[in-house]
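What follows is a set of notes on a single structure, which appears directly below.
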Amino acid sequence: MTAVTDTIAPVACGEEIRARPAGFGHDLAAIAGRALRAVPRDPAAVIPPVFIALFFFIVNIATLKKLTGHHPGFSYTAFEMATAILLGVTGISRAPSLVLDVQTHYLDRLLLTPVRRTAILIGHMTADVAVAAALTAPILVLGAILGVRFEAGPLGVAAFVLLASLWSLAFAGFGYAIALKTGNPAAVNSTFLLFFPFLFLTSSYLPRSQLSGWLSTVTGFNPVTYLLGGLRSLVLGTTWQWGQLGQALVAIAIVGLISMTMCFAALRGRVKRSSEA
Amino acid sequence: MSTLISAARSSTPEIAQAAPRRTVHAGHAIYAEALVRHFGGLRAVDEVGLAIPAGEIYGFLGPNGAGKSTTVRMLCTLLAPTGGRALVAGYDVATQPGQVRLRIGVALQDAALDPKQTGTELLRLQGRLYGLSSRELARRMAELGELIELGDALGRPIGTYSGGMKRRLDLAAALVHNPEIVFLDEPTTGLDPASRIRVWSEIRRLNQQLGMTIFLTTQYLEEADELAHRVGIIDQGRIVAEGTPAELKRSVGSDVIVARLDGDAARVRPVLEAVPGVRSVEAHGSELVITTGDGAAAISGVAVALAGSAVAVRDLTLRTPTLDDVFLELTGTHIERKNTQQEDPS
Numbered sequence: 238m239t240a241v242t243d244t245i246a247p248v249a250c251g252e253e254i255r256a257r258p259a260g261f262g263h264d265l266a267a268i269a270g271r272a273l274r275a276v277p278r279d280p281a282a283v284i285p286p287v288f289i290a291l292f293f294f295i296v297n298i299a300t301l302k303k304l305t306g307h308h309p310g311f312s313y314t315a316f317e318m319a320t321a322i323l324l325g326v327t328g329i330s331r332a333p334s335l336v337l338d339v340q341t342h343y344l345d346r347l348l349l350t351p352v353r354r355t356a357i358l359i360g361h362m363t364a365d366v367a368v369a370a371a372l373t374a375p376i377l378v379l380g381a382i383l384g385v386r387f388e389a390g391p392l393g394v395a396a397f398v399l400l401a402s403l404w405s406l407a408f409a410g411f412g413y414a415i416a417l418k419t420g421n422p423a424a425v426n427s428t429f430l431l432f433f434p435f436l437f438l439t440s441s442y443l444p445r446s447q448l449s450g451w452l453s454t455v456t457g458f459n460p461v462t463y464l465l466g467g468l469r470s471l472v473l474g475t476t477w478q479w480g481q482l483g484q485a486l487v488a489i490a491i492v493g494l495i496s497m498t499m500c501f502a503a504l505r506g507r508v509k510r511s512s513e514a
Numbered sequence: 038m039s040t041l042i043s044a045a046r047s048s049t050p051e052i053a054q055a056a057p058r059r060t061v062h063a064g065h066a067i068y069a070e071a072l073v074r075h076f077g078g079l080r081a082v083d084e085v086g087l088a089i090p091a092g093e094i095y096g097f098l099g100p101n102g103a104g105k106s107t108t109v110r111m112l113c114t115l116l117a118p119t120g121g122r123a124l125v126a127g128y129d130v131a132t133q134p135g136q137v138r139l140r141i142g143v144a145l146q147d148a149a150l151d152p153k154q155t156g157t158e159l160l161r162l163q164g165r166l167y168g169l170s171s172r173e174l175a176r177r178m179a180e181l182g183e184l185i186e187l188g189d190a191l192g193r194p195i196g197t198y199s200g201g202m203k204r205r206l207d208l209a210a211a212l213v214h215n216p217e218i219v220f221l222d223e224p225t226t227g228l229d230p231a232s233r234i235r236v237w238s239e240i241r242r243l244n245q246q247l248g249m250t251i252f253l254t255t256q257y258l259e260e261a262d263e264l265a266h267r268v269g270i271i272d273q274g275r276i277v278a279e280g281t282p283a284e285l286k287r288s289v290g291s292d293v294i295v296a297r298l299d300g301d302a303a304r305v306r307p308v309l310e311a312v313p314g315v316r317s318v319e320a321h322g323s324e325l326v327i328t329t330g331d332g333a334a335a336i337s338g339v340a341v342a343l344a345g346s347a348v349a350v351r352d353l354t355l356r357t358p359t360l361d362d363v364f365l366e367l368t369g370t371h372i373e374r375k376n377t378q379q380e381d382p383s
């Protein structure tokens with residue numbers, strides 16, 4: 238309907254300050270900024286994943302390196318770094334803080350502002366990508382100390398970090414979907430369990446050629462197999478392996494499409510529930 | 038009841054000294070027609086109508102579970118109405134929620150704050166989401182800092198604040214974009230008396246100096262009495278009376294005599310109705326509420342009549358009517374008593 242409005246004389250005090258739509262980019266930056274400021278105040282959300290990644294990186298090398306060490310030109314340390322990176326960045330998200338926003342009604346306060354609803358979610362995810370990229374640093378440093386080299390140089394490092402961050406984002410969608418759907422912190426914290434089949438039913442610890450039987454077959458259907466392939470091509474290959482990088486991007490896109498569809502549906506449900514509950 | 042409502046609507050409330058603010062619909066900052074909200078089978082808000090002029094403080098008074106918060110959540114676009122329509126600042130809450138959100142400030146019943154942010158961060162983020170420039174934000178931060186008197190605490194995480202500090206910060210967050218209309222949902226619930234008086238003073242200032250229209254829900258009778266130009270009394274989802282506090286109290290009678298007895302008050306009701314000057318007698322358990330045009334003249338007759346009855350009198354009080362007397366007359370129970378019996382479904 239069209240509103241019929243009359244304008245009444247404004248008062249002198251504070252008359253020039255008026256709310257106006259800030260714009261999507263502005264909304265996004267504001268929400269992402271808040272999410273990033275919260276990271277150092279919540280070290281428990283980032284320290285354990287890095288610790289686990291570094292721990293398994295070292296232990297797996299110590300356990301399995303000898304089995305693969307006799308293959309000329311193959312570095313098990315470089316091979317395993319991709320797995321360590323995925324352990325570090327998978328499940329990194331601000332989804333638990335979104336649950337807290339639901340519980341403290343702060344999400345209501347955000348919904349009372351003119352902020353775009355999608356900016357609330359994408360702002361959190363933008364922060365997640367930044368955090369995931371930062372978390373790759375200690376693993377890359379350890380890898381460098383252990384002798385892993387990127388033949389493609391700094392661009393190869395950037396591609397490695399980008400792939401890992403995009404995967405983190407794609408997987409984070411599941412956490413946000415659960416957060417918005419349930420509003421339950423325990424459910425969100427268990428999101429990482431979803432990664433277990435992805436992690437173990439693939440070539441995480443041994444090259445795919447060494448797997449046999451049903452596991453080899455299942456590995457072919459696991460998107461993480463192709464992601465690992467893309468990441469490893471940057472540290473094991475001597476040139477850019479465009480085919481493997483392309484497969485990695487497609488695998489991320491498929492997982493991302495599923496998780497984002499779920500989390501944006503959950504956002505619509507949450508906003509609708511907020512207006513109907 | 039209908040007489041009360043029509044009498045109230047024909048009255049002229051004393052409203053803000055400052056000019057009322059900006060956009061309105063046909064002279065009303067808030068307008069609702071037959072607003073309805075169901076929760077499953079429960080009709081939480083039942084055909085509520087509102088016509089609140091710009092610049093007014095409107096007190097929405099009722100016990101827990103009466104439908105106050107549900108009404109507020111519909112008016113501020115957090116809750117979709119099941120039926121009817123509402124215009125806020127001239128815009129439809131169901132079809133133009135974005136326009137409504139730009140013009141309102143809301144402090145919900147539970148302070149909606151992020152415990153991990155500092156007060157300053159929270160207010161800055163609010164300002165940015167309302168599109169304020171850095172210069173506007175700096176000015177507003179200074180003004181709000183004075184308003185809520187949190188001082189250095191603004192730099193601390195909100196999780197370390199007391200309940201009163203959180204309430205004040207929540208109020209500041211509702212005001213950061215200088216809204217035309219402010220919804221305050223039980224703003225003083227849980228505050229100590231000193232903090233409550235400070236909030237009252239601020240609400241008056243916002244209305245009188247800045248011309249803000251204020252929709253205030255409360256379960257405290259004295260709060261509605263102190264602050265509101267007009268009061269709507271809601272019970273079981275319906276507005277049962279509306280008017281200025283003085284009009285509502287006048288509708289009960291000039292004076293009220295309250296007698297608390299040991300035993301059933303209804304037994305002595307006929308005796309008291311015969312006392313000269315007594316207008317009406319209502320018995321509620323062991324309590325009698327007697328309205329009279331001249332309490333000083335009638336109380337001796339009431340005391341003699343009670344002394345002649347077989348029921349012992351615990352106390353006898355003469356006072357002017359309160360909004361609770363209005364609520365009692367309309368619903369048959371005290372508002373405080375209802376609060377202890379019900380939980381707010383919203």
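Protein chains in written order, with the numbering used here: chain A, 238 to 514; chain B, 38 to 383.
We put the CB at the ideal spot given by N, CA and C, even for glycine.
Assuming residue i and residue j are in contact, meaning their beta carbons sit under 8 angstroms apart, how far apart are those beta carbons, in whole angstroms?
i                 : j                 : result
Pro230 of chain B : Leu208 of chain B : The Cβ separation is near 17 angstroms, so there is no contact.
Ala81 of chain B  : Gly274 of chain B : 6 angstroms
Thr368 of chain B : Val277 of chain B : 7 angstroms
Arg467 of chain A : Gln484 of chain A : Note that residue 467 of chain A is Gly in the sequence shown, not Arg. The pair is a contact, with the Cβ atoms about 6 angstroms apart (cut-off 8 angstroms).
Val315 of chain B : Thr329 of chain B : 5 angstroms
Leu335 of chain A : Ala416 of chain A : 5 angstroms
Val326 of chain A : Ala369 of chain A : 4 angstroms
Lys105 of chain B : Ile271 of chain B : 6 angstroms
Val312 of chain B : Ala347 of chain B : In fact, because the Cβ distance is near 17 angstroms, the residues do not count as touching under 8 angstroms.
Ala91 of chain B  : Thr250 of chain B : 5 angstroms
Does the distance from the CB of residue i to the CB of residue j come in under 8 angstroms?
i                 : j                 : result
Ala296 of chain B : Val341 of chain B : no
Pro285 of chain A : Pro422 of chain A : no
Ser330 of chain A : Leu473 of chain A : no
Gly493 of chain A : Gly410 of chain A : yes
Thr462 of chain A : Thr439 of chain A : yes
Arg138 of chain B : Thr350 of chain A : yes
Leu191 of chain B : Thr155 of chain B : yes
Val326 of chain B : Leu298 of chain B : no
Leu358 of chain A : Phe501 of chain A : yes
Ile376 of chain A : Ala321 of chain A : yes
Arg267 of chain B : Tyr128 of chain B : no
Asp292 of chain B : Thr254 of chain B : no
Tyr111 of chain B : Leu72 of chain B  : Rather than Tyr, the amino acid found at residue 111 of chain B in this sequence is Met. Yes, they are a contact pair.
Ala69 of chain B  : Val85 of chain B  : yes
Within 10 angstroms of the Cβ of residue i, are there 16 or more other Cβ atoms? Answer buried if so, exposed if not.
i                 : result
Trp404 of chain A : buried
Leu145 of chain B : buried
Ala333 of chain B : exposed
Phe294 of chain A : buried
Leu447 of chain A : First, the amino acid is wrong: residue 447 of chain A is Gln here, not Leu. With fewer than 16 Cβ atoms within 10 Å of its Cβ, Gln447 of chain A is classed as exposed.
Phe288 of chain A : exposed
Leu430 of chain A : exposed
Leu265 of chain A : buried
Met497 of chain A : buried
Ala503 of chain A : buried
Ser441 of chain A : buried
Could you spell out the range, first to last residue, of the alpha helix (DSSP H) harbouring residue i?
i                 : result
Ala69 of chain B  : Segment His65 to Phe76 is the beta strand (DSSP E) holding Ala69 of chain B; no alpha helix (DSSP H) there.
Ala283 of chain B : Pro282 to Val289
Ile141 of chain B : Not the alpha helix (DSSP H): Ile141 of chain B falls in the beta strand (DSSP E), residues Ile141 to Ala144.
Ser238 of chain B : Pro230 to Leu247
Glu310 of chain B : Arg306 to Glu310
Gly467 of chain A : Pro460 to Leu473
Glu223 of chain B : Note, Glu223 of chain B: premise wrong, no alpha helix (DSSP H); not H, not E.
Residue i to residue j, Cα distance in whole Å?
i                 : j                 : result
Gly506 of chain A : His65 of chain B  : 33 angstroms
Leu150 of chain B : Ala211 of chain B : 11 angstroms
Ser238 of chain B : Ala269 of chain A : 37 angstroms
Thr40 of chain B  : Gly269 of chain B : For Thr40 of chain B, the predicted model reports a pLDDT of 33, less than 50, meaning its position is unreliable and no value from the coordinates is stated.
Arg233 of chain B : Ser402 of chain A : 50 angstroms
Leu523 of chain A : Gln133 of chain B : What is shown of chain A runs 238 to 514, which leaves residue 523 of chain A out entirely.
Arg172 of chain B : Thr119 of chain B : 42 angstroms
Glu217 of chain B : Ile372 of chain B : 31 angstroms
Leu344 of chain A : Asp362 of chain B : 39 angstroms
Can you tell me where the beta strand (DSSP E) holding residue i begins and where it ends?
i                 : result
Ala265 of chain B : That residue, Ala265 of chain B, is in no beta strand (DSSP E); it is neither H nor E in DSSP.
Gly121 of chain B : Gly120 to Val125
Leu431 of chain A : Element bounds for Leu431 of chain A: n/a, residue is neither H nor E.
Name the residues in the segment 151–182 of chain B whose C-beta lies less than 8 angstroms from a C-beta of chain E; which are they?
Any reference to chain E falls outside this structure, whose protein chains are A and B.
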